[in-house]
Amino acid sequence: MSQLGRPQINPVSLQIISDTKSRLLSTLGYYDEIRTKEERRLGLVAPYEGHAAFSRTWKSIIERVASSNALNEHIATLLNMHLKKNNDLKKMMNQVGGISATYGQDGTSRDAASGKIYNISI
Numbered sequence: 009m010s011q012l013g014r015p016q017i018n019p020v021s022l023q024i025i026s027d028t029k030s031r032l033l034s035t036l037g038y039y040d041e042i043r044t045k046e047e048r049r050l051g052l053v054a055p056y057e058g059h060a061a062f063s064r065t066w067k068s069i070i071e072r073v074a075s076s077n078a079l080n081e082h083i084a085t086l087l088n089m090h091l092k093k094n095n096d097l098k099k100m101m102n103q104v105g106g107i108s109a110t111y112g113q114d115g116t117s118r119d120a121a122s123g124k125i126y127n128i129s130i
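And the structure:
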């Protein structure tokens with residue numbers, strides 16, 4: 009998350025983080041499926057009010073989920089900020105893109121040559 013607070017994001021590490029998060033979510037989904045099967049088999053239902061140990065563990069899970077949700081919302085805000093900045097820069101570059109100038113040896117600007125480019129192969 010600290011990377012999202014920086015002016016630039018390293019796309020490689022962001023991809024690694026995203027892949028790791030996807031694997032973790034897949035693993036959590038698998039274990040949640042096992043949990044629900046065991047609940048049905050044992051006739052239990054979360055939050056396990058009749059079982060103190062299960063109830064404490066479930067409460068801890070709920071707290072972590074709430075903390076993770078808050079963190080995800082903060083990360084989404086930071087990502088949206090970066091997306092907006094990138095879109096604004098892209099828009100600005102597209103507007104300036106039509107104006108291209110080169111500089112001569114004396115440092116003065118010259119308009120770039122304009123015209124059509126033809127690729128002819130024989």
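Under my numbering, the first residue of the sequence shown carries the number 9, and numbering increases by one thereafter.
Cβ atoms here follow ideal geometry from the backbone N, Cα and C, with glycine treated the same way.
As the structure is a prediction and not an experimental result, all values here were calculated from the model.
What is the C-beta distance between residue i and residue j, in whole angstroms, given that I count them as a contact (C-beta under 8 angstroms)?
i, j, result
"V53", "E46", "Not a contact, Cβ separation roughly 11 angstroms."
Determine the contact status of residue i and residue j, defining contact as a CB-CB distance below 8 angstroms.
i, j, result
"A12", "L86", "Rather than Ala, the amino acid found at residue 12 in this sequence is Leu. Yes, Cβ-Cβ distance for L12 and L86 is below 8 angstroms."
"I17", "H90", "yes"
Please list, in chain order, all residues of the same chain as residue i whose beta carbon is under 7 angstroms from its beta carbon, the five residues on each side excluded.
i, result
"S63", "P55, Y56 and E57"
From the DSSP output, in three-state form, read off residue i for me.
i, result
"G58", "coil"
"G37", "helix"
"Q103", "helix"
"D27", "helix"
"Q16", "coil"
"T116", "coil"
"V212", "An answer regarding residue 212 cannot be provided, because it is not within the stretch 9 to 130 covered by the chain."
Sorted by chain position, which residues of the same chain lie with C-beta nearer than 8 angstroms to residue i's C-beta, five sequence neighbours on each side aside?
i, result
"H59", "L52"
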